[in-house]
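K.L.:
So the sequence lines, in the order shown, correspond to chains A and B. The numbering of the first sequence is my numbering, which starts it at 2 and goes up by one. The numbering of the second sequence is my numbering, which starts it at 2 and goes up by one.
Protein chains: 2
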Amino acid sequence: MEEHRHVTIYDIAQKLNLAASTISRALKDHHSISDKTIKKVKQTAKEMGFVPNTLAAGLRGNVTKTIGILIPTVTQPFLSSLISGIEIAAQKSDYSVIIMQSHDSYQMEVDMAKSLYSNRVSGVICSLAMETKDTSHFKQFSNNNIPLVFVDRVPKDYDTFRVVINNYLAGYKATKHLIEQGCKRIAHLTPVSEFGSLYNERKRGYTDALAEHGIPIENNLIISLKKITYEEGVKACNQLFDLKNPPDGLFAPGDLLAVSAVQTAKKRGIKVPDQFAVIGFNNDPISEIIEPNISTITHPAEKMGKAAAELIIKNLKSVKEEDAKEITFLNTQVLVRESSRKI
Amino acid sequence: MEEHRHVTIYDIAQKLNLAASTISRALKDHHSISDKTIKKVKQTAKEMGFVPNTLAAGLRGNVTKTIGILIPTVTQPFLSSLISGIEIAAQKSDYSVIIMQSHDSYQMEVDMAKSLYSNRVSGVICSLAMETKDTSHFKQFSNNNIPLVFVDRVPKDYDTFRVVINNYLAGYKATKHLIEQGCKRIAHLTPVSEFGSLYNERKRGYTDALAEHGIPIENNLIISLKKITYEEGVKACNQLFDLKNPPDGLFAPGDLLAVSAVQTAKKRGIKVPDQFAVIGFNNDPISEIIEPNISTITHPAEKMGKAAAELIIKNLKSVKEEDAKEITFLNTQVLVRESSRKI
DNA sequence: TATTTTAGCACAACCGATTGCGGACAGTAA
DNA sequence: TTACTGTCCGCAATCGGTTGTGCTAAAATA
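1. Mind checking if ILE187 of chain B is an interface residue toward chain A, Cβ cutoff 7 angstroms exclusive?
2. What are the residues that DSSP puts in a beta bridge with GLN102 of chain A?
3. Run through DSSP, which three-state label would ARG121 of chain A get?
4. For the region 294-310 of chain A, list every residue whose C-beta sits within 7 angstroms of some C-beta in chain B, in sequence order.
5. Can you confirm whether the region 178-186 of chain B touches the region 231-251 of chain B when touching is taken to mean that 3 or more C-beta pairs between the two stretches lie within less than 8 angstroms?
6. Mapping DSSP to helix, strand and coil, what is ASN220 of chain B?
7. According to the neighbour-count rule (16 or more other Cβ atoms, all chains shown, within 10 Å of its Cβ), is PHE142 of chain A buried or exposed?
8. Strictly by DSSP, which residues pair up with ARG163 of chain A?
9. Identify the continuous beta strand (DSSP E) that holds GLY183 of chain A and give its terminal residues.
10. My parser needs the beta strand (DSSP E) runs of 3 or more residues fully inside the region 201-272 of chain B; what are they?
11. If you draw a straight line from the C-alpha of LYS267 of chain A to the C-alpha of ILE223 of chain A, how long is it?
12. Could you give the residue range of the alpha helix (DSSP H) that holds ALA20 of chain B?
13. For ASN283 of chain A, which of helix, strand or coil comes out of DSSP?
14. Can you say whether ILE344 of chain B is buried or exposed, counting buried as having 16 or more other CB atoms within 10 angstroms of its CB?
15. What is the DSSP secondary structure of ARG6 of chain A, counted as helix, strand or coil?
16. Please classify ASP314 of chain B as buried or exposed, where buried requires at least 16 other C-beta atoms within 10 Å of its C-beta.
17. Once DSSP output is grouped into helix, strand and coil, what is the label at ILE13 of chain A?
18. Run through DSSP, which three-state label would ALA130 of chain A get?
19. Using a 10 Å radius around the Cβ and a threshold of 16 neighbouring Cβ atoms, would you call SER346 of chain A buried or exposed?
20. Quick one: what's got a C-beta closer than 6 angstroms to ARG121 of chain A's C-beta in the same chain, skipping five residues either side?
21. Starting from THR299 of chain B, follow the alpha helix (DSSP H) in both directions and report where the run begins and ends.
22. For TYR96 of chain A, decide whether its Cβ has a neighbour in chain B, counting only Cβ atoms nearer than 7 angstroms.
23. Does the region 9-21 of chain B come close enough to the region 48-64 of chain B that 3 or more CB-CB pairs lie under 8 angstroms?
24. Smallest Cα separation from THR74 of chain A: which of B:ILE72, B:ILE68, B:LEU83 and B:GLY69?
25. Go through its chain and collect everything with a Cβ distance to PHE330 of chain B's Cβ below 6 angstroms, but skip five positions before and after it.
26. What three-state label does DSSP hand CYS136 of chain B in the structure shown?
27. Across the region 45-54 of chain A and the region 119-133 of chain B, are there enough close Cβ pairs to call them in contact, namely three or more that are closer than 8 angstroms?
28. For ASP153 of chain B, does the count of other Cβ atoms within 10 angstroms reach 16, so buried, or fall short, so exposed?
29. Contact criterion: CB-CB distance below 7 angstroms. Does ARG203 of chain A meet it with respect to chain B?
30. Helix, strand or coil for THR65 of chain A? Go by DSSP, reduced to three states.
31. Under 7 angstroms, Cβ to Cβ, is there at least one residue of chain B near LEU60 of chain A?
32. For ILE314 of chain B, return the contacting residues in chain A, with the cut-off set at a CB-CB distance below 9 angstroms.
33. Any C-beta of chain A sitting closer than 7 angstroms to the C-beta of ALA57 of chain B?
34. Within a Cβ cutoff of 8 angstroms, which residues of the same chain sit near PRO217 of chain B, ignoring the five residues on either side of it in sequence?
35. Quick check: what's the CA-CA separation for VAL99 of chain A versus LEU80 of chain A?
36. Are the CB atoms of PHE282 of chain A and PRO254 of chain A nearer to each other than 7 angstroms?
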């Protein structure tokens, strides 16, 4: 096989008896190059199969047109949709996307943040690892004017962009929906020792909705899960159904949990939604397919990704120091389906 | 905010009164640098917050330690698991992963291939877009000794690495399983005008299994779908059930289709698996959760990703020209669950 | 015709890490 | 003392595209 070497602007320059700088300018339609030359250069570039070396451009200009994504995993539907949204928005502005998975490990997140920095990404979009409490490893971005956007799982005390939903309101709306359907005793699942505000906020929405409607909050209807998995959901639901006075509704802060609840109920002969109404969270594909299909809270993953990417790209174009690091709230909606429709 | 500039080896060199080359060598434990100097350099580098600039290293050494992924979309469970596998394997060898979505468009695939080349990725892992018939846009990689691995949706006639499952065998095994369960009239869904061998192979396995067991192949039991979606699946199944002599089994080449089949059957009062046994493909998360849960063919997505990444990394370490561009076949298994268990 | 303007292009420094080559110096052997 | 070996390190070129500066010749103006 022949050993091609990459075609450079110097190769083009030599062929056309021009300077490399002229080639560079011609390729980007610089005004000081004549149309004739521009046409000639572009033509030859195509003929020779020239492909610009982004490394060289990035090194010189300190601009890479690359967005780094740092998330726990790519396999969760919410996160893969997030990536998709980012990638589409990035693509439109000719940005590339480089992805790293922290697997919810703090140490990996630290290492990967460093790696992204090392790659001189133009901006970073991050959803924090479960383990992460300290966020000082993101300072390297802030300190170097590399825009940083946290999405969904965001730190409380870090002055940068955030794209989130209003988890409190979402939890409130979900619970209120169940109340409106006639539920009197509504259970809730929540991960144990969640550092962040995400699930706590949903829970707070839940308790506030109850309180507002004069429904007492019963601690044995609120179950803490070690992990947010199907199996943990089943266990928790069985625990709920075993109560002397079992619940007649459930707000699950994730669709997988909601599915486990619906199926556990069905197995025990409990009618959904008549005896036990369920609402989930996220609008994962599965919520629509399972029978009965599951009421849920929409979580606009792709939109969030798009918003995050656009924040970075916009911020890169005009860096206004005085810009407050805004929080972007995206809307959620109650999607009523069979699992909670009683009236 | 103070305007930091990136710390470079020159900054370290100046501080320690050494040459930049010494810093560079010290940081990678070059033998010609004394232990004392190495220790001192590393110490200072850490203190100053030095992070190597991969662009510079990549430009100079023509080595980027980056793997490009070019796939239709990241939101399909199979593909996001594939990414996960690639990322994990890459991470182990200190490679980064850059992702692009072709959205099954040929033109986007062409553009993105160019972009990956422009980013001077060390290797490329690709699952072809549906539209893609011509694969000449991958020549730029082959011509420049950039290892290229096709996964799952691979071209027929391109001399490079492939990581696939044996779709023929998988289709055969799935169909045989249904036959063994006592099915006499087994239907099959398949995408219309599929260019590649993937679904055709599965179908071939299906027809061969039938033939081998003396079961006639009935063309009205084989339905072509425009798209592989839930809705198309429902439509096709209704068409099947409307037949004078409806099938008693179905081999669906995807779990989503299998789910649509099971649910359509249930809605029409057809007992699964007794009257209608179903087996899907991929072992998507949903197949395990739906009720009845769905028999399927395992599709080792993460393993395939891992294998593909390792092929690239291995090939990068020792480029043996004479190496045949091997095909890696990964195993699939019949996962028998409720939707097809009759005996 | 003399002079100013402007279009069109070349020169060379630059980004930051890498590496072949060679120099300085210390230690050992002859 | 001379020659040789080996250790430790600096010089400078290199990767390829970008950009400020400046030069030349043609066009416009006086």
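For every residue, glycine included, the Cβ atom is placed at its ideal position computed from N, Cα and C. All figures in this text were calculated on a predicted structure; none of them were measured in a lab.
P.N.:
According to the structure data:
1. By 1-based counting over the second sequence, the position of residue 187 of chain B is 186. No, ILE187 of chain B does not count as interfacial toward chain A.
2. Here the question's residue 102 of chain A lines up with position 101 in the first sequence. DSSP output for GLN102 of chain A lists A:ILE72 as bridge partner(s).
3. Working through the first sequence from its first residue, we reach residue 121 of chain A at position 120. Coil.
4. none
5. yes
6. Start at 1 with the first residue of the second sequence, and residue 220 of chain B comes out as number 219. If DSSP states are grouped into helix, strand and coil, ASN220 of chain B belongs with the helices.
7. Locating residue 142 of chain A in the first sequence gives position 141, counting from the first residue. So PHE142 of chain A ends up on the buried side.
8. Your numbering for residue 163 of chain A matches position 162 in the first sequence. DSSP, once it has assigned bridges, lists A:PHE151 and A:ILE328 as partnering ARG163 of chain A.
9. In the first sequence, residue 183 of chain A corresponds to position 182, counting from 1. No beta strand (DSSP E) contains GLY183 of chain A, which DSSP labels as neither H nor E.
10. 223-226 and 250-252
11. For the purposes of this step, residue 267 of chain A is taken as residue 266 along the first sequence, with counting starting at 1. For the purposes of this step, residue 223 of chain A is taken as residue 222 along the first sequence, with counting starting at 1. Approximately 21 angstroms, taken between the alpha carbons.
12. Along the second sequence, one-based indexing puts residue 20 of chain B at 19. No alpha helix (DSSP H) holds ALA20 of chain B; DSSP gives it neither H nor E.
13. Locating residue 283 of chain A in the first sequence gives position 282, where the first residue counts as 1. Strand, per DSSP.
14. Here residue 344 of chain B refers to the residue found at position 343 of the second sequence. Looking at its Cβ environment, which holds fewer than 16 other Cβ atoms inside 10 Å, ILE344 of chain B is exposed.
15. As a working mapping, residue 6 of chain A is identified with position 5 in the first sequence. In this structure, ARG6 of chain A counts as coil in the three-state DSSP scheme.
16. For the purposes of this step, residue 314 of chain B is identified with residue 313 of the second sequence, where counting begins at 1. It should be noted that the sequence gives Ile, not Asp, for residue 314 of chain B. By the neighbour-count rule (16 or more Cβ atoms within 10 Å), ILE314 of chain B is buried.
17. Counting from one through the first sequence, the residue named residue 13 of chain A turns up at place 12. Of the three classes helix, strand and coil, the one that applies to ILE13 of chain A here is helix, per DSSP.
18. Here residue 130 of chain A is taken as the residue at index 129 of the first sequence, counted from 1. Coil at ALA130 of chain A, not helix or strand.
19. Here chain A covers residues 2 to 344 and nothing more, so residue 346 of chain A does not appear.
20. Along the first sequence, read from residue 1 onward, the residue named residue 121 of chain A stands at position 120. Here the set comprises THR65.
21. The residue given as residue 299 of chain B occupies position 298 in the second sequence. Counting along the chain, THR299 of chain B falls outside any alpha helix (DSSP H), and DSSP gives it neither H nor E.
22. Here residue 96 of chain A refers to the residue found at position 95 when the first sequence is read from its first residue. Chain B, which has no Cβ nearer than 7 angstroms to the Cβ of TYR96 of chain A, makes this no.
23. yes
24. In the first sequence, the residue the question calls residue 74 of chain A occupies position 73. Per the Cα distances, B:LEU83.
25. Position 329 of the second sequence, counted from the start, is the residue given in the question as residue 330 of chain B. Excluding residues within five positions, the ones whose Cβ falls inside 6 angstroms are ASN167.
26. What you label residue 136 of chain B is simply residue 135 of the second sequence in a count that begins at 1. Note on residue identity: the sequence assigns Thr, not Cys, to residue 136 of chain B. THR136 of chain B: coil per DSSP, three-state reduction.
27. yes
28. Here residue 153 of chain B refers to the residue found at position 152 when the second sequence is read from its first residue. ASP153 of chain B is buried by the Cβ-count criterion.
29. For this step, residue 203 of chain A is matched to residue 202 along the first sequence. No, ARG203 of chain A does not count as interfacial toward chain B.
30. Position 64 of the first sequence, counting from 1, holds the residue named residue 65 of chain A. The answer is coil: DSSP assigns THR65 of chain A none of H, G, I, E or B.
31. Here residue 60 of chain A refers to the residue found at position 59 of the first sequence. Answer yes: the Cβ-Cβ gap between LEU60 of chain A and chain B drops below 7 angstroms somewhere.
32. Taking the second sequence and counting its residues from 1, the one referred to as residue 314 of chain B is at position 313. None at all; the shortest Cβ gap to chain A is about 16 angstroms.
33. Position 56 of the second sequence, counted from the start, is the residue given in the question as residue 57 of chain B. So yes, ALA57 of chain B belongs to the interface.
34. What you label residue 217 of chain B is simply residue 216 of the second sequence in a count that begins at 1. Here the set comprises LEU211.
35. Numbered from its first residue, the first sequence carries residue 99 of chain A at position 98. Numbered from its first residue, the first sequence carries residue 80 of chain A at position 79. The sequence shown places Ile at residue 99 of chain A, rather than the Val named in the question. So the alpha carbons of these two residues sit roughly 14 angstroms apart.
36. By one-based count along the first sequence, residue 282 of chain A stands at place 281. By one-based count along the first sequence, residue 254 of chain A stands at place 253. Result yes, Cβ atoms of PHE282 of chain A and PRO254 of chain A sit closer than 7 angstroms.
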